[in-house]
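Here's the structure, in structure tokens; my notes come after.
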Amino acid sequence: MARRAGGDGQRALERLFYPRGVAVIGSASERKMGWELIRQMRDGGFGVDGGSHRLFAVNPKAQGALGAPGYGAVASIPAHVDLAVIASPPATVPSVLRDCGEAGVAAAAIITAGFSEVGNDEAEHEVVQAARESGVRFVGPNCAGIVNTAHQLYPSLETRPPAGSAAVVAQSGAIGGMVLAWAKQYGLGISKFVSYGNAADLNEIDLLQYLADDEETEVVALYIESVADGRRFMEALHACTRRKPVVVIKAGRTTAGQRATLSHTGSMAGADRVYDAALRQCGALRVRSVEEMFDFCKAYVSVPSGLGRRVAIVTNSGGPGVLAADRGEEVGLDVAQPGAVAQKALSAFLPGHCALENPVDLTVQGTGEWYRRAIEALLEDYDAAVAINVSTPYLDSMELAQGVVDAAGAVAEDAGWGKAVVAAFLPEEIVAESVQYLEECGVPNFATGERAVAALSLVSEYQPPEGGLRCCAANVRSEGFSPSVDPFEGPIASHPALPQAPILEPQAMTWLRENGIPVPSFRFAETEDEAVEAARELGYAVAMKIVSPEILHKSDVGGVVLGIEDSEEARLAFRRLAKAGGGRDFRGVVIYPMIGDAQEVLLGLSRDPQFGLVVAFGLGGIYTEVWQDVALRVAPIDRAEAEAMIREIEALPLLEGVRGQAPRDLDGLADVLVTFSELPIRYPELAEVDLNPVFLFEEGDGLVVGDVRVILADSKNSPKERPN
């Protein structure tokens with residue numbers, strides 16, 4: 118379904134978050150949904166001062182509620198209404214939207230459920246059509262509403278959170294509601310909240326575009342189950358992360374999760390590894406749990422930006438301190454031992470039974486003064502300190518909290534230090550008063566030491582992306598690329614024609630060579646005599662491979678013969694391959710010189726339904742599917758992304774040279790990765806390109822492609838492999 122222009126959406130979102138008048142459409146009888154929404158708005162302070170912010174109830178009985186006057190239609194309200202909050206039965210929603218259009222309402226939040234999430238696509242289409250005809254933009258249906266704390270706007274059934282600078286955007290209302298409840302319980306200030314449900318109109322793309330420029334938001338927490346347009350999503354996400362961090366949960370990581378996503382939102386989740394690559398390209402921070410997302414937001418708004426990775430742990434209990442240190446190393450923090458100067462400072466006031474390593478264990482006898490002095494001494498060497506207090510009922514946790522706060526205050530006095538102090542006071546029922554004191558004094562408290570260090574790791578990991586996002590130039594869309602215009606450079610030179618399907622290996626090798634991708638010398642032979650002559654021309658030893666449009670995986674059918682040393686062996690090899698290709702449209706053989714002393718890697722292009730062509734790099738050869746050691750990016754990529762892909766695979770040490778082996782030509786590999794990723798610009802009809810193996814030589818010697826498979830998007834022209 119076609120979407121309307123982005124500028125129209127941004128204007129509607131301004132009305133959505135900053136309305137002068139709000140109409141709640143639904144039953145105003147006590148405890149009904151419309152009544153509850155009005156109560157939330159009133160309790161939050163909207164429309165109670167008699168000023169310009171007005172609240173109205175709309176229902177067939179024209180029944181008011183809680184001081185909000187009632188009307189039978191939005192068009193009957195004798196005041197301007199910017200926002201409609203719709204909680205009426207599903208069948209009424211299209212007519213409500215037409216009423217809103219007649220009244221000049223710009224935006225709506227459709228809380229009503231019962232549409233595509235339960236398979237009722239036709240009803241949702243009617244809603245979209247009515248909104249389009251009426252000029253109303255909306256979030257939902259099947260959403261949990263919105264919040265703008267700065268505007269005292271709470272048209273939602275979820276917990277009203279404290280005001281702050283973290284925005285929460287959630288496709289799932291329940292997930293968003295959980296975060297809002299935690300925000301109130303644990304002191305995270307919220308700027309805006311949006312549950313956009315089925316995303317039938319305004320979606321995560323519009324919201325990211327809006328929040329990128331929202332001065333009231335410092336950090337964005339995003340929960341998604343699917344995206345409508347992969348490349349537009351990347352463009353919006355990248356633009357947002359250049360201004361502020363975006364922490365993302367992408368649900369549907371597993372097969373079971375994808376099934377649940379389909380039943381929950383009516384939208385199929387895409388391949389998780391492609392989402393992972395896209396989020397990484399855009400500079401977003403992906404987390405696996407709501408707890409991680411919440412903790413990151415809490416840490417980010419509380420600690421200095423650009424935080425380093427050296428972390429000290431001060432605890433009064435050895436076990437929790439060790440767990441925090443273990444977790445710190447797992448997430449990439451530097452939990453090194455204190456230096457000689459710090460140890461000397463610690464030993465000057467701590468008794469001999471205290472451990473002066475990292476963690477520094479004050480034992481149960483630790484005092485607030487010990488916490489203060491230990492943290493101050495350690496922050497001479499470290500970037501952050503985690504203060505852990507595992508309390509018992511007889512301990513004075515308030516005194517310990519005061520020591521931590523005093524240390525944090527001393528750190529804050531030197532603004533150029535860029536240091537952080539966070540806490541993990543627990544268990545909650547014992548330390549509630551001291552935790553409240555910590556939070557009020559600006560020291561964020563986390564449920565455990567492990568969660569505290571994980572949050573610090575994410576804060577230190579965030580770096581605003583530099584430069585543009587190559588795969589998301591303005592005129593690049595997920596459906597393909599213009600074959601005559603390079604969206605990044607302007608008009609491109611003429612390029613070699615892509616052979617018609619089915620594309621056989623000799624044709625594909627020629628095509629790669631013409632596009633600047635190195636291939637070895639080779640010959641194609643249709644007959645036995647031609648094969649012998651070709652092998653002589655190339656020089657023994659050679660490799661011979663079967664050529665057939667019906668055989669994609671040659672090694673599976675014995676379609677590759679290696680190490681052919683003379684003409685007699687060449688004749689035998691041809692006969693063997695011709696027999697293997699019997700009844701399989703045997704076209705001949707392709708012959709290459711034998712290649713030695715090379716590391717096998719793979720390069721691939723495959724089409725994702727939401728992000729388009731994706732480039733892959735990893736360890737190659739026949740065990741590719743076994744090791745699954747592959748880095749992905751949405752194509753095309755630039756040199757920096759190519760280098761990042763190479764560094765990402767676990768087999769990198771093999772390429773850099775281990776146990777006396779020479780390093781491979783990683784510079785040449787990065788160049789070819791960039792060139793390879795650009796093929797979709799020239800050939801939008803590509804569906805899949807597989808280069809495996811690619812022979813990577815020693816540093817400075819480049820690489821050559823060892824095998825290639827090309828499949829076009831038109832499936833009826835793609836080669837079909839017969840079963841063995």
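Following this note's numbering, the numbering of the sequence shown begins with 118 at its first residue and continues without gaps. Ideal placement from N, C-alpha and C gives every residue a C-beta, glycine not left out.
In angstroms, rounded to a whole number, what distance separates the CA positions of residue i and residue j?
i	j	result
residue 536	residue 527	10 Å
residue 384	residue 769	Here residue 384 scores only 38 on pLDDT, less than 50, and its place in the model is too uncertain to base an answer on.
residue 243	residue 211	6 Å
residue 737	residue 284	43 Å
residue 193	residue 201	14 Å
residue 231	residue 225	17 Å
residue 810	residue 402	32 Å
residue 264	residue 462	49 Å
residue 438	residue 412	19 Å
residue 812	residue 336	44 Å
residue 306	residue 300	7 Å
residue 713	residue 347	41 Å
residue 668	residue 674	8 Å
residue 184	residue 162	12 Å
residue 282	residue 553	19 Å
residue 551	residue 333	29 Å
residue 287	residue 341	6 Å
residue 485	residue 504	11 Å
residue 628	residue 363	41 Å
Hey, out of the options, whose CA is closest to residue i's CA?
i	options	result
residue 450	570, 702, 629, 309	570
residue 480	432, 267, 756	432
residue 685	144, 659, 492, 323	659
residue 182	207, 164, 156	156
residue 331	344, 310, 319, 351	310
residue 275	216, 342, 344, 153	153
residue 825	623, 661, 796	623
residue 621	706, 633, 567	706
residue 252	430, 637, 129	129
residue 821	727, 728, 406, 720	720
residue 800	773, 613, 774	613
residue 727	734, 775, 345	345
residue 234	255, 259, 219, 248	259
Where does residue i land, buried or exposed, given buried means 16+ other C-beta within 10 angstroms?
i	result
residue 593	With a pLDDT of 47 at residue 593, under the threshold of 50, the modelled position of that residue is not reliable, and the figure given next carries that caveat. It is buried - the Cβ of residue 593 has at least 16 other Cβ atoms within 10 Å.
residue 679	exposed
residue 197	exposed
residue 511	exposed
residue 350	buried
residue 596	With a pLDDT of only 37 at residue 596, under the threshold of 50, the placement of this residue in the model should not be trusted; the figure read from the coordinates follows. Classification of residue 596: exposed, given that the 10 Å Cβ count is below 16.
residue 602	Caution is warranted here: a pLDDT of 37 is assigned to residue 602, below 50, making its placement in the model unreliable, and the coordinate value is therefore given only provisionally. By the neighbour-count rule (16 or more Cβ atoms within 10 Å), residue 602 is not buried but exposed.
residue 649	buried
residue 376	Confidence is the limiting factor: at residue 376 the pLDDT is only 41, short of 50, which leaves the residue's position unreliable, though a coordinate-based value still follows. Exposed is the call here.
residue 466	exposed
Does the ligand SAH have a heavy atom nearer than 7 Å to the CB of residue i?
i	result
residue 730	This structure does not include the ligand SAH; it has no bound ligands of any sort.
Which residues in the same chain have their Cβ closer than 8 Å to the Cβ of residue i, if we skip the five residues on either side of it in sequence?
i	result
residue 765	748
residue 500	424, 425, 426, 427, 428, 535, 536, 537, 577
residue 677	660, 661, 662, 663, 671
residue 356	325, 326, 329
What residues in its chain sit with their C-beta under 7 Å from that of residue i, if we drop five residues either side in the sequence?
i	result
residue 695	703
residue 353	322, 325, 326
residue 556	304, 562
residue 587	605, 753, 754, 755
residue 393	403
Keeping to the same chain, check which residues put their C-beta closer than 6 Å to that of residue i; ignore five residues upstream and five downstream.
i	result
residue 525	538, 560
residue 816	780, 782
residue 717	737, 738, 810
residue 381	With a pLDDT of 32 at residue 381, under the threshold of 50, the predicted position of this residue should be treated as unreliable, though the coordinate-derived value follows. Closer than 6 Å at the Cβ level, and outside the excluded window around residue 381, lies no residue.
residue 568	412
residue 855	Any property of residue 855 remains undetermined from this structure, which presents the chain solely from 118 to 841.
residue 760	787
Whole alpha helix (DSSP H) elements within the segment 126-161, 4-residue minimum: 150-161
Ordered list of alpha helix (DSSP H) runs contained in the segment 321-380, each at least 4 residues: 321-329, 347-358
Beta strand (DSSP E) runs wholly inside the segment 685-726, at least 3 long, in chain order: 705-710, 716-725
Whole beta strand (DSSP E) elements within the segment 639-664, 3-residue minimum: 640-642, 659-664
Alpha helix (DSSP H) segments (min. 4 residues) lying fully within the segment 206-241: 210-219
Segments of 4+ residues assigned as alpha helix (DSSP H) that fall wholly inside the segment 265-312: Whole alpha helix (DSSP H) segments, 4+ residues: 290-303.
Segments of 4+ residues assigned as alpha helix (DSSP H) that fall wholly inside the segment 391-424: 407-417
Unbroken stretches of the alpha helix (DSSP H), 4 residues or longer, contained in the segment 420-498: Secondary structure in the segment 420-498: the alpha helix (DSSP H) runs of 4 residues or longer, each lying completely within the stretch, are 435-447, 457-464, 485-495 in chain order.
Length-filtered (4 minimum) alpha helix (DSSP H) runs lying within the segment 540-582: 545-557, 566-578
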